[in-house]
Amino acid sequence: MKILAKYLVPICSIFGFPAIATAETMKPNVVFILADDMGYGDLKAYNPESKIPTPHLDALSAAGMTFTDAHSGGSTCIPSRYSLLTGRFAARKDKFSDKQPVIEDGRTTVAGMLRESGYRTVMVGKWHLGFNRLVEREKGPEFDYNQPITGGPVDRGFDSFFGMHASLDIQPYFYMRDRTPTMAPTEKAEANDSMGTDENWNRIQGAFWREGDIGPDFKFIEVTPRFADEASKVIEEHDQGKPLFLYLPLPSPHTPWLPTEEFVGKSGAGMYGDFTMLVDAVVGQITASLEKAGMSENTMVFFSSDNGPVWYEKDVELFDHKSVGPLRGIKASVWEGGHRVPFVVKWPGKVKAGSRSDDLVAFADVFATLGEIAGSEAQGEGVAEDSVSFLPSLKGIESDKKRPPVLHGGKTIRDGNWKLIATKGSRGFNAEKGVKFGIELYNLRKDLSEQDNLAEEMPEKVDKLKKKIEDILASE
1173 MKILAKYLVP
1183 ICSIFGFPAI
1193 ATAETMKPNV
1203 VFILADDMGY
1213 GDLKAYNPES
1223 KIPTPHLDAL
1233 SAAGMTFTDA
1243 HSGGSTCIPS
1253 RYSLLTGRFA
1263 ARKDKFSDKQ
1273 PVIEDGRTTV
1283 AGMLRESGYR
1293 TVMVGKWHLG
1303 FNRLVEREKG
1313 PEFDYNQPIT
1323 GGPVDRGFDS
1333 FFGMHASLDI
1343 QPYFYMRDRT
1353 PTMAPTEKAE
1363 ANDSMGTDEN
1373 WNRIQGAFWR
1383 EGDIGPDFKF
1393 IEVTPRFADE
1403 ASKVIEEHDQ
1413 GKPLFLYLPL
1423 PSPHTPWLPT
1433 EEFVGKSGAG
1443 MYGDFTMLVD
1453 AVVGQITASL
1463 EKAGMSENTM
1473 VFFSSDNGPV
1483 WYEKDVELFD
1493 HKSVGPLRGI
1503 KASVWEGGHR
1513 VPFVVKWPGK
1523 VKAGSRSDDL
1533 VAFADVFATL
1543 GEIAGSEAQG
1553 EGVAEDSVSF
1563 LPSLKGIESD
1573 KKRPPVLHGG
1583 KTIRDGNWKL
1593 IATKGSRGFN
1603 AEKGVKFGIE
1613 LYNLRKDLSE
1623 QDNLAEEMPE
1633 KVDKLKKKIE
1643 DILASE
């Protein structure tokens, strides 16, 4: 597959077009590109020593605002996406399972709020927030392909959806359009990993996927390029009589790591780095489509990742590439490397090009921010209760108001410079088996890498932060 090679264009050609006539009169279009399992230190905008070329993301950063203290909704896929779309901390839910819809029927989402504000709302990509599965089989709940598959994007605020139900290594493997499979998974895919061909990776790295049912039109290596093409089509065929909200959650660089031919061997971080280059190329393709459609000057483009990477110390040593930069932890960890993510926003004429912000931002805050921009009054009791607009940050306005505490999990809180971890587990896929961690307290302003645990020295601070966790979870 070489469909993305034509989008590897010089940076100067991306941002040189004049504004369209309606730029000052219409609500801005919004494109939110979400990478999957991409590290804070993979982008050169965050880590100049990164071994992964990211020219299009570098261009996005140069044209917009780069947030250095932004946090996903969780350190794994499902809670992170839940928080992004609902404006709520994932800790408010008792548990997460995609065997049924994760977002309750009737709950207002970012997409639903924007649709009520006059937007066309479109999703292309990975959902991973559950559907109504209507068949009980021996191996567990499963889809009934003879009925509409409900409870997904088009039942949670989106006008249309093209994508897949979960990650690219979780069966069954098939595409959906709205509530219907494009082709039901009538064939079988054998399990795959890279351990037999590349000794650098463990079982859940490399070209890893599980055995399962697969649709005849589904090819693993084609999925990311297919989503990029579908998203480009949405943009280029959009009727600009109303603003567009396009949510593009990519399944990459989550496993399986499947760089297309033009990127193989081009990074200094192996298959993972090569696959991340494909993500960067998707950003270039989407940017080019916005230019082609005359929409770039009135479009907010967001780029972020749902959580940290699956990148172990062995990988750092082998490639001299720090996927999480200076942070500690990886995917599934409550340490910073699990949930502090790249977060870049471009908004021509509104956000200063090349700017950076150290303000604390959480995925839950996207709801209030876009609601303020769209003029929505949807946020209120029981709706996006943890969402705080960061529009002042985007405009470069300093505020004396301190952002309320952010929950990274049911027992992990960030309050100003202070972070408390009051859970024994959740230290990531690289945590030592059988190790029970104690309470951890860090001053992140002085100790970003979380090396100096102050919990024993400051028991009163620990107690105060524990109380704040209780108060947040008890609030409505």
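The working numbering numbers the first residue of the sequence shown as 1173 and each following residue consecutively.
The beta carbon of each residue, even a glycine, is placed where N, CA and C say it ideally should be.
Computed from a predicted structure; not experimentally measured.
Taking a contact to mean a Cβ-Cβ separation below 9 Å, would you say residue i touches residue j in this structure?
i       : j       : result
VAL1578 : ALA1534 : yes
GLY1548 : MET1285 : According to the sequence displayed, residue 1548 carries Ser and not Gly. In this structure, MET1285 lies closer than 9 Å to SER1548 by Cβ.
LEU1616 : ARG1575 : no
LEU1620 : VAL1473 : no
ASP1209 : VAL1482 : yes
THR1303 : MET1355 : According to the sequence provided, residue 1303 is Phe. The question's Thr does not apply to it. No; because the gap between Cβ atoms is not below 9 Å, this pair is not in contact.
MET1467 : GLN1377 : no
ALA1546 : LYS1199 : yes
GLU1402 : VAL1282 : no
HIS1228 : ALA1453 : yes
CYS1249 : ASP1537 : no
GLY1600 : ILE1502 : yes
What residue range does the alpha helix (DSSP H) around residue i cover?
i       : result
PHE1261 : First-last for PHE1261: undefined, no H or E at that position.
MET1443 : 1442-1464
SER1565 : 1563-1566
GLY1278 : Run containing GLY1278: none; DSSP gives neither H nor E here.
VAL1203 : From DSSP, VAL1203 is part of no alpha helix (DSSP H) but of the beta strand (DSSP E) over 1201-1207.
ILE1585 : Unbroken run through ILE1585 is the beta strand (DSSP E), 1584-1587; no alpha helix (DSSP H).
ILE1545 : 1537-1546
Select from the options the residue whose C-alpha is nearest the C-alpha of residue i.
i       : options                            : result
ASP1492 : ASN1479, GLY1582, LYS1223, SER1233 : LYS1223
ASP1643 : ASN1615, LYS1583, ASN1589, LEU1613 : LYS1583
GLY1245 : TRP1373, LYS1405, VAL1513          : VAL1513
THR1238 : GLY1581, GLN1551, ARG1528, SER1559 : ARG1528
ARG1253 : VAL1506, SER1476, ALA1234, ILE1407 : SER1476
THR1293 : LYS1271, GLU1276, ASP1350          : ASP1350
PRO1631 : GLU1359, LEU1613, GLU1622, GLN1623 : LEU1613
LYS1522 : ALA1556, ASP1266, GLU1469, VAL1506 : GLU1469
ILE1611 : GLU1622, ASP1624, GLU1629, LEU1592 : LEU1592
GLU1221 : PHE1447, HIS1228, GLY1384, LYS1494 : LYS1494
MET1443 : GLY1543, ILE1407, GLU1371          : GLU1371
ASP1385 : ALA1400, ALA1361, SER1366          : ALA1361
ASP1530 : ILE1321, GLY1236, ASP1365, SER1565 : SER1565
ALA1441 : TYR1484, HIS1410, ALA1400, ASN1479 : TYR1484
GLU1359 : PRO1225, THR1369, GLU1383          : GLU1383
GLY1509 : HIS1580, LEU1490, THR1541, GLN1551 : HIS1580
From what residue to what residue does the beta strand (DSSP E) around residue i run?
i       : result
PRO1421 : 1416-1421
ARG1398 : Element bounds for ARG1398: not the beta strand (DSSP E) but the alpha helix (DSSP H), 1395-1408.
VAL1298 : Note that residue 1298 is Lys in the sequence shown here, rather than Val. Where LYS1298 is concerned, the enclosing beta strand (DSSP E) stretches over 1292-1298.
ASP1385 : 1384-1386
LYS1360 : 1359-1361
THR1238 : 1237-1239
GLU1612 : 1612-1615
On the premise that residue j lies in contact with residue i, defined as a C-beta separation below 8 Å, what is that separation, rounded to the nearest angstrom?
i       : j       : result
TYR1649 : VAL1455 : Look at the range of the chain in this structure, 1173 to 1648, and you will see that residue 1649 is not part of it.
LEU1301 : VAL1274 : 4 Å
MET1449 : PRO1421 : No, MET1449 and PRO1421 are not in contact; Cβ-Cβ is about 19 Å, not under 8 Å.
PHE1333 : PRO1325 : 4 Å
GLY1335 : ARG1287 : Their Cβ separation, rounded to whole angstroms, is 18 Å, which puts GLY1335 and ARG1287 out of contact at 8 Å.
SER1247 : GLY1480 : 6 Å
Using a Cβ-based criterion (distance less than 8 Å to any ligand heavy atom), does residue i qualify as near the ligand MN?
i       : result
GLU1314 : With respect to the ligand MN, the structure offers nothing, as it holds no ligand at all.
Handout entry: Given 8 Å, three or more beta-carbon pairs between the segment 1333-1348 and the segment 1426-1443
Key = Here the segment 1333-1348 lies against the segment 1426-1443, with 3 or more beta-carbon pairs under 8 Å apart.
Problem - the segment 1199-1210 touching the segment 1438-1458, judged by at least three CB pairs closer than 8 Å - result: With a cut-off of 8 Å, the segment 1438-1458 and the segment 1199-1210 count as touching, because enough Cβ pairs lie within range.
Practice task
Would you check if there are 3 or more beta carbon pairs closer than 8 Å linking the segment 1258-1271 to the segment 1314-1323?
Solution key: Contact fails between the segment 1258-1271 and the segment 1314-1323, because fewer than three Cβ pairs, one in each stretch, are under 8 Å apart.
Exercise for the section: Flag this pair as touching only if the segment 1586-1593 and the segment 1630-1642 have three or more C-beta atom pairs under 8 Å; answer yes or no. Expected result: With three or more CB-CB distances shorter than 8 Å, the segment 1586-1593 counts as touching the segment 1630-1642.
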